[in-house]
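Engineer: Using the numbering used here, the letters of the sequence shown map in sequence onto residues 270 to 655.
All residues carry an ideal CB built from backbone N, CA and C; glycine is no exception.
Computed from a prediction, not measured in an experiment: that's the story for all the values here.
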Amino acid sequence: MKDLGTVPVMAFSAPNLAAFYPDGAWWIPCVMELSAGLLEIADSLGVDESFCPVRAMLGAFLTEAHFPIPDLLVCSAGAVCDDFSAIAQRLDGLGYPIFWWEIPARRPPERGERSVALPGGLSAPASQVEFVRGELERVRRVLEDLSGEALADAELAEGIRQANRVRRALGALRGLVYGADPCPLPALEMQIAEMLAIHFCSDRAEALNVLKGLLAETQNRRRRRWGTAAPGAARVYWLNPVADLRMMNALEDCGARLSGAEYLFSHAIDAIPEDLEPLEALARTALADPMIGPAADRAKRIVAEMRRFGAEALIVSRIPGASHCATEGEAIRQIVDAELGVPTLELETPVLMDSARSGLIDRMQALVETILARRRAASEAPHAQP
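#1: Throw me the rounded Cβ distance for the LEU314 and ARG359 pair, which I believe falls under 8 Å.
#2: Nearest CA to the CA of SER624: which residue from ASP513, PRO277 and GLY364?
#3: Pull the bridge partners of ARG457 from the DSSP assignment, please.
#4: Hey, LEU508 and LEU583 are a contact pair by Cβ (cut 8 Å); roughly how many whole angstroms apart?
#5: Relative to the C-alpha of ARG437, which residue among ILE541, ASP472 and GLY579 is closest?
#6: Could you tell me whether the region 566-583 touches the region 362-372, where touching means 3 or more Cβ pairs closer than 8 Å?
#7: Which residues bound the beta strand (DSSP E) around ILE367?
#8: Quick one: any contact between the region 282-295 and the region 323-330, if contact means 3 or more CB pairs under 8 Å?
#9: By DSSP's criteria, THR613 is part of a beta bridge. Which residues make up the other side?
#10: Within 10 angstroms of its Cβ, does LEU277 collect 16 or more other Cβ (buried), or is it exposed?
#11: What's the gap between the Cα of GLN654 and the Cα of ALA395?
#12: Among residues of its own chain, excluding the 5 on either side of LEU533, which ones have a beta-carbon nearer than 8 Å to its beta-carbon?
#13: Does the beta-carbon distance from ARG515 to MET633 come in below 8 Å?
#14: Does DSSP classify PRO322 as helix, strand or coil?
#15: Note down, in chain order, each residue of its chain lying with its Cβ closer than 6 Å to the Cβ of ARG490, except the 5 sequence neighbours on either side.
#16: CB PRO388 to CB ARG644, shorter than 8 Å?
#17: Beta-carbon separation of ILE601 and ALA555 under 8 Å?
#18: Would you list the one or two residues that DSSP bridges to TYR506?
#19: If you compare alpha carbons, which of GLU549, ALA642 and GLY610 is closest to MET279?
#20: Measure the Cβ-Cβ separation of PRO451 and GLY524 and say whether it is below 8 Å.
#21: If you draw a straight line from the alpha carbon of LEU477 to that of ASP414, how long is it in whole angstroms?
#22: Quick one, are the C-beta atoms of SER471 and ALA305 less than 8 Å apart?
#23: Using only CA atoms, which one of GLU546, GLU521, GLU406 and VAL446 lies nearest to GLY529?
#24: By how many angstroms is the C-alpha of ARG402 removed from the C-alpha of LEU551?
#25: Smallest Cα separation from GLU404: which of PRO373, GLY417, SER384 and GLY381?
#26: Pull up the CB-CB distance for THR618 and SER586, whole angstroms please, since I reckon it's below 8 Å.
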């Protein structure tokens, strides 16, 4: 739970262990239109709507109706979302014991301190990498205790290679879709495809087949210049996952298309280094998590992707109740505005958007109109004289 991309690679590297993220239960209220009653159960446990929608996970555990109860729960602590940490602690107190490992807040190396390169163009002090490597060694031991077998470096290395096959396929898909005009895949399908970066661990072969199928279909559509949105649709970069998946459809209903996205786990899209010892590589990957470092690091990557894909605006979708969304969105908006000068919009997507739909639509339509007006103004502006 919570680390999004590291421990599952270790778990599925063992021949007799299967891994999955119960965190994904946060979409059950949306998909089942609240009929599962999971949020009411969370309310009764004192975890109300002031918390992140991942609180639905509590109800999913107590009903035991949505996924098998794991033999081992592993969750990161330290520099993590306060809401998730509180919810996981409540779960532990309800009789679902958790093995905790710590991830520190990533910081820049100080003068004279040895620096280590991380995936995604980041860096961290060697001391932090060594600390996380030690924590992952603790995770390896608990996985070995559960499986009854040693988890050798060779098995971890093969697990990393399997993870990278998925990451490379997803990276290729993102490059083909987000930069194309017309857009060959819808926003919702792309969000689900990106979620495979973390949830592929449940069925690695099938996840890779899905991504390969999407790649083939995208290549075919690009050859035919066929798109799910009209050519020239407003190009929007989306920040943060949505609790109600229909928001991605609503974006397209407003005349926009997705031109890039960052769903809180960019480190699970970057390839894990294969030329290092496995635990060293996984420690570096864990420290590249965008949620454990400064907002400026996250914004730098977003700006680079917006340039790469030609995004004309940024939508920051706050996660209701999520403590990390309180100020980070505004900080990222300011950096994007300063670097790119494009329109930005910050909104909050509720667990079910029905009651707020008209207001959300109005704001996104206004953003699209702003994008199109800026295009017209740019096309009508006199060319600079030599």
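Structural biologist: So, to answer that:
#1: 6 Å
#2: Ranking the options by Cα distance to SER624, first place goes to ASP513.
#3: Position check: residue 457 holds Leu in this sequence, whereas Arg was assumed. Partner(s): none; LEU457 has no beta bridge.
#4: 6 Å
#5: ILE541
#6: no
#7: 367-372
#8: yes
#9: Under DSSP, the beta-bridge partners assigned to THR613 are LEU583.
#10: It is Pro, not Leu, that sits at residue 277 in the sequence shown. Under this definition PRO277 is a buried residue.
#11: Summary for GLN654: the model assigns pLDDT 47, below 50, so the residue's position carries little reliability; its value from the coordinates is reported in the next sentence. Whole-angstrom Cα-Cα distance: 52 Å.
#12: Contacts found: LEU273, ASN509, PRO510, PRO559 and MET560.
#13: When the beta-carbon positions are compared, ARG515 and MET633 stay at least 8 Å from each other.
#14: helix
#15: Excluding the 5 residues flanking it on each side, ARG490 has same chain C-beta neighbours closer than 6 Å at PRO453, in chain order.
#16: no
#17: no
#18: Residue pairing from DSSP places TYR506 in a beta bridge opposite LEU583.
#19: GLU549
#20: no
#21: 29 Å
#22: no
#23: VAL446
#24: 8 Å
#25: The candidate whose alpha carbon is nearest that of GLU404 is PRO373.
#26: 5 Å
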